[in-house]
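So the protein sequences, as listed, match chains D and P. The first sequence maps to residues 1 to 173 in the numbering used here. The second sequence maps to residues 174 to 310 in the numbering used here. Step one of this worksheet: look at the structure below.
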Amino acid sequence: VTLAARSGNIDSRVTFKGVSRSYSGDDSMDQAAQNKSIIQRFYEEALNRRNIHLIDSFLAPQVSVQSQSNAALLLNRDGFKNVLTVQWRNTPDHQYRIVDMVARGDEVIVRLVATFQHRIPVGNIPPTGRILEAKEICFYQLQRGLIIRVCTLVDEAGIMQQSLPTPGPVARW
Amino acid sequence: MSTAENNIRLIHYLSLQMNQRNVAVIDALFSPHFVSYDIPPGQPNGIAGLRQNLAIMWTAFPDYQSNIELAVAEGSKVAVFEYFQGTHLGQFITMPPTGRRVAMRTAGFYEIHENRIVAQWGLADTITLFRQLQTPS
Numbered sequence: 001v002t003l004a005a006r007s008g009n010i011d012s013r014v015t016f017k018g019v020s021r022s023y024s025g026d027d028s029m030d031q032a033a034q035n036k037s038i039i040q041r042f043y044e045e046a047l048n049r050r051n052i053h054l055i056d057s058f059l060a061p062q063v064s065v066q067s068q069s070n071a072a073l074l075l076n077r078d079g080f081k082n083v084l085t086v087q088w089r090n091t092p093d094h095q096y097r098i099v100d101m102v103a104r105g106d107e108v109i110v111r112l113v114a115t116f117q118h119r120i121p122v123g124n125i126p127p128t129g130r131i132l133e134a135k136e137i138c139f140y141q142l143q144r145g146l147i148i149r150v151c152t153l154v155d156e157a158g159i160m161q162q163s164l165p166t167p168g169p170v171a172r173w
Numbered sequence: 174m175s176t177a178e179n180n181i182r183l184i185h186y187l188s189l190q191m192n193q194r195n196v197a198v199i200d201a202l203f204s205p206h207f208v209s210y211d212i213p214p215g216q217p218n219g220i221a222g223l224r225q226n227l228a229i230m231w232t233a234f235p236d237y238q239s240n241i242e243l244a245v246a247e248g249s250k251v252a253v254f255e256y257f258q259g260t261h262l263g264q265f266i267t268m269p270p271t272g273r274r275v276a277m278r279t280a281g282f283y284e285i286h287e288n289r290i291v292a293q294w295g296l297a298d299t300i301t302l303f304r305q306l307q308t309p310s
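And the structure:
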């Protein structure tokens, strides 16, 4: 599996080269269950409790972290920690709630909702103090109990809708 | 064939048929009680809402193709990441056609019972889509 990121309007994306496959067998069920447990703990123990010192026990040294809406930005482990530090400073109440998870073999896909108070501008929209919800779907690949690859898709349009002076209707999970 | 394997095949088949604009399969692949958790309250949901949203996208991007890049199934659930590419040749919400090529990632979870999709939770990277449509040539 390789990760490729190219900048530009059309090609700025993560590619899933070599992973356009579907799991169906049961031989990897134990591994999948273990990996789901690791991802659950990653959110609960490291992210939601702001334990920056636990990040190294979940993320492999060679991890790559990428967000779809800024695919040109490929983070390593230290870069991810820096992003977390800024996020926790800007939105100290930020919490993740896992809604659903599907796993097979070394891959886990998580559906979740993040909630946080709107304390900093969203785009050009000034803070409203409202509690916002961000829907996310995240792909994780693990190797020997450590996360080696993360790709996240966040409903940024939904966040903007909720931030408007007159919020638009938003589908909720 | 396991339930997970069968469900994966169903989602691949749905993707193929939608890329060929074969709307006739919708009634066969979706439950009459289908619910999309992507639709804001007050807007048409169910199969009627699905057909309406497909019509919007096919009008705006008549050549679009959305290809599954990753699919993982477990029991009654299938999670997918897809890559959408098309040309903006028709009205899209309030935007007149720009002729631009666009691409974005989408992702979704499907719940499938007895070979019918009963629920869907999806996301699209619409921020990237609008950035591509609005960037000056």
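C-beta: ideal position from N, C-alpha, C; glycine also.
Helix, strand or coil at residue i according to DSSP, with G and I counted as helix
{"i": "GLN264/P", "result": "coil"}
{"i": "ARG49/D", "result": "coil"}
{"i": "LEU164/D", "result": "coil"}
{"i": "TYR186/P", "result": "helix"}
{"i": "LEU223/P", "result": "helix"}
{"i": "SER64/D", "result": "strand"}
{"i": "GLU284/P", "result": "strand"}
{"i": "SER20/D", "result": "Residue placement at SER20/D cannot be trusted, given a pLDDT of 41 that sits under 50; the coordinates are not used to answer."}
{"i": "ILE159/D", "result": "helix"}
{"i": "PHE80/D", "result": "helix"}
{"i": "TYR43/D", "result": "helix"}
{"i": "ARG97/D", "result": "strand"}
{"i": "SER12/D", "result": "Any reading at SER12/D must be qualified, since the residue scores a pLDDT of 36, below 50, and its modelled position is unreliable; no value is offered."}
{"i": "TRP231/P", "result": "helix"}
{"i": "VAL86/D", "result": "helix"}
{"i": "SER204/P", "result": "strand"}
{"i": "MET174/P", "result": "coil"}
{"i": "ALA33/D", "result": "helix"}
{"i": "SER209/P", "result": "strand"}
{"i": "ILE190/D", "result": "Here chain D covers residues 1 to 173 and nothing more, so residue 190/D does not appear."}
{"i": "ARG172/D", "result": "coil"}
{"i": "LEU75/D", "result": "strand"}
{"i": "GLN193/P", "result": "coil"}
{"i": "GLN305/P", "result": "helix"}
{"i": "THR299/P", "result": "helix"}
{"i": "ASN179/P", "result": "helix"}
8 Å contact criterion, which residue i and residue j should meet: CB distance rounded
{"i": "CYS138/D", "j": "VAL113/D", "result": "Not confirmed; about 12 Å, so no contact."}
{"i": "ALA171/D", "j": "ASP211/P", "result": "5 Å"}
{"i": "ASN192/P", "j": "SER239/P", "result": "7 Å"}
{"i": "ILE285/P", "j": "VAL253/P", "result": "That belief does not hold up - the Cβ atoms of ILE285/P and VAL253/P are roughly 12 Å apart, past 8 Å."}
{"i": "GLN31/D", "j": "GLY105/D", "result": "6 Å"}
{"i": "TYR140/D", "j": "ILE98/D", "result": "No, TYR140/D and ILE98/D are not in contact; Cβ-Cβ is about 12 Å, not under 8 Å."}
{"i": "ALA177/P", "j": "GLU247/P", "result": "6 Å"}
{"i": "VAL86/D", "j": "ASN76/D", "result": "Wrong, their Cβ atoms sit about 16 Å apart, outside the cutoff."}
{"i": "LEU132/D", "j": "PHE116/D", "result": "6 Å"}
Same chain only: Cβ atoms within 7 Å of residue i, ignoring 5 sequence neighbours per side
{"i": "LYS135/D", "result": "VAL113, ASP155, GLY158 and TRP173"}
{"i": "ARG289/P", "result": "LEU202, PHE203 and SER204"}
{"i": "SER209/P", "result": "ASN218, GLY222, LEU223 and GLN293"}
{"i": "GLN161/D", "result": "PRO167, GLY168 and VAL170"}
{"i": "ASN48/D", "result": "GLN95 and TYR96"}
{"i": "THR232/P", "result": "GLY263 and GLN264"}
{"i": "PHE303/P", "result": "none"}
{"i": "VAL122/D", "result": "ILE159, MET160 and SER163"}
Nearest residue (CA-CA) to residue i, options the options
{"i": "LEU262/P", "options": "GLN193/P, ILE220/P and PHE234/P", "result": "PHE234/P"}
{"i": "VAL65/D", "options": "ARG89/D, PRO167/D, THR166/D and LEU153/D", "result": "LEU153/D"}
{"i": "GLN293/P", "options": "THR271/P, ILE184/P and THR267/P", "result": "ILE184/P"}
{"i": "ARG148/D", "options": "ASP56/D, THR128/D, VAL99/D and GLN117/D", "result": "According to the sequence provided, residue 148/D is Ile. The question's Arg does not apply to it. Among ASP56/D, THR128/D, VAL99/D and GLN117/D, the Cα nearest to that of ILE148/D belongs to ASP56/D."}
{"i": "GLN34/D", "options": "GLN87/D, GLN62/D and ARG144/D", "result": "ARG144/D"}
{"i": "LEU187/P", "options": "THR232/P, GLY259/P, ILE229/P and ALA244/P", "result": "ALA244/P"}
{"i": "ASP236/P", "options": "ALA246/P, PHE257/P and GLU242/P", "result": "PHE257/P"}
{"i": "PHE80/D", "options": "PRO165/D, PHE58/D and LEU132/D", "result": "PHE58/D"}
{"i": "ILE241/P", "options": "ILE199/P, ARG304/P and GLN190/P", "result": "GLN190/P"}
{"i": "ARG182/P", "options": "ASN195/P, ARG304/P and TYR283/P", "result": "TYR283/P"}
{"i": "LEU146/D", "options": "VAL108/D, LEU84/D, PRO92/D and VAL102/D", "result": "VAL108/D"}
Cβ-based neighbour list, residue i, same chain, cut-off 6 Å, excluding 5 preceding and 5 following
{"i": "MET174/P", "result": "none"}
{"i": "ILE220/P", "result": "PHE203 and PHE207"}
{"i": "TRP88/D", "result": "ARG50"}
{"i": "ARG176/D", "result": "Outside the displayed range of chain D (1 to 173) lies residue 176/D, so it cannot be described from this structure."}
{"i": "SER37/D", "result": "none"}
{"i": "ARG21/D", "result": "Its pLDDT being 47, under 50, ARG21/D is placed unreliably by the model, and nothing is read from it."}
{"i": "ASP100/D", "result": "ARG111"}
{"i": "VAL102/D", "result": "ILE109"}
Spatial neighbours of residue i in its chain, beta-carbon cut-off 8 Å, leaving aside the 5 residues before and after
{"i": "LEU54/D", "result": "GLU45 and ALA46"}
{"i": "PHE306/P", "result": "In the sequence under discussion, the amino acid at residue 306/P is Leu, which differs from the Phe named in the question. For LEU306/P, where only same-chain residues beyond five positions count, the Cβ hits under 8 Å are HIS261, PHE265, MET268, THR271, ARG273 and VAL275."}
{"i": "ASN90/D", "result": "ARG119 and ILE120"}
{"i": "SER249/P", "result": "THR176, ASN180, GLU284, ILE285 and HIS286"}
CB contact check: residue i to chain A, cutoff 8 Å
{"i": "LEU142/D", "result": "This model lacks chain A altogether; the protein chains it does include are D and P."}
Proximity test, residue i beta-carbon vs the ligand NAP heavy atom, cut-off 7 Å
{"i": "SER163/D", "result": "Among the ligands in the structure shown, none appear at all, so the ligand NAP cannot be discussed."}
Quick one: any contact between the stretch 277–290 of chain P and the stretch 298–306 of chain P, if contact means 3 or more CB pairs under 8 Å?
-> yes
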